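Participant: Its first residue numbered 31, the sequence shown is counted upward by one per residue in our numbering. Yeah, the Cβ is synthetic: ideal placement off N, Cα and C, and Gly gets one too. Owing to the predicted nature of the structure, the values given are computational and were not obtained by experimental measurement.
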Amino acid sequence: MSWKCKKSQVSLEYMVAAGFIVVVITITSILVWQSGILRPPTGEKGKIGFANIDVEDWAVYAEPKSTVAVRLVNVGSDSLKVKKIELKINDVVCSNNISSILIPGKRIIKLLNCSKDLSKEYV
31 MSWKCKKSQV SLEYMVAAGF IVVVITITSI LVWQSGILRP PTGEKGKIGF ANIDVEDWAV
91 YAEPKSTVAV RLVNVGSDSL KVKKIELKIN DVVCSNNISS ILIPGKRIIK LLNCSKDLSK
151 EYV
């Protein structure tokens, strides 16, 4: 074989190897992305009580009084009576004892009064 032919064969082998490496890296990247390994952890969500009431949104108001506003929705098919709402954030407890009736699909906004001043700790 001539020198030129060997040079082209080496170039071709290099291009095939580089292409194979690109394909392997692409497939590995897609697998890692889809598996969720790189996704940051989220806070734990939990609810105790009736599962057909969802919290759609919430907001913390530090001034003038520490309160948390929650928007609840009834995702079930029956009317529900909400007697108490309680939210715990570490050592702070925010609650509301005013009862309400939620018909299916209805949304209500409730203000929860907190046991501690939130402006110094969480805002």
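1. Could you check what DSSP says for SER130 in three-state terms: helix, strand or coil?
2. Check the C-beta distance from VAL122 over to SER145 and give it rounded, since I have them as a contact under 8 Å.
3. Please name the residue, chosen from GLY106, VAL90, GLN64, that lies closest to ILE131 on a Cα-to-Cα basis.
4. Whole angstroms is fine: what's the gap from VAL90's alpha carbon to ILE57's?
5. Could you tell me if LEU68 is buried or exposed, where buried requires 16 or more neighbouring beta carbons within 10 angstroms of its beta carbon?
Facilitator: In short:
1. Three-state DSSP puts SER130 in a strand.
2. 6 Å
3. GLY106
4. 43 Å
5. exposed
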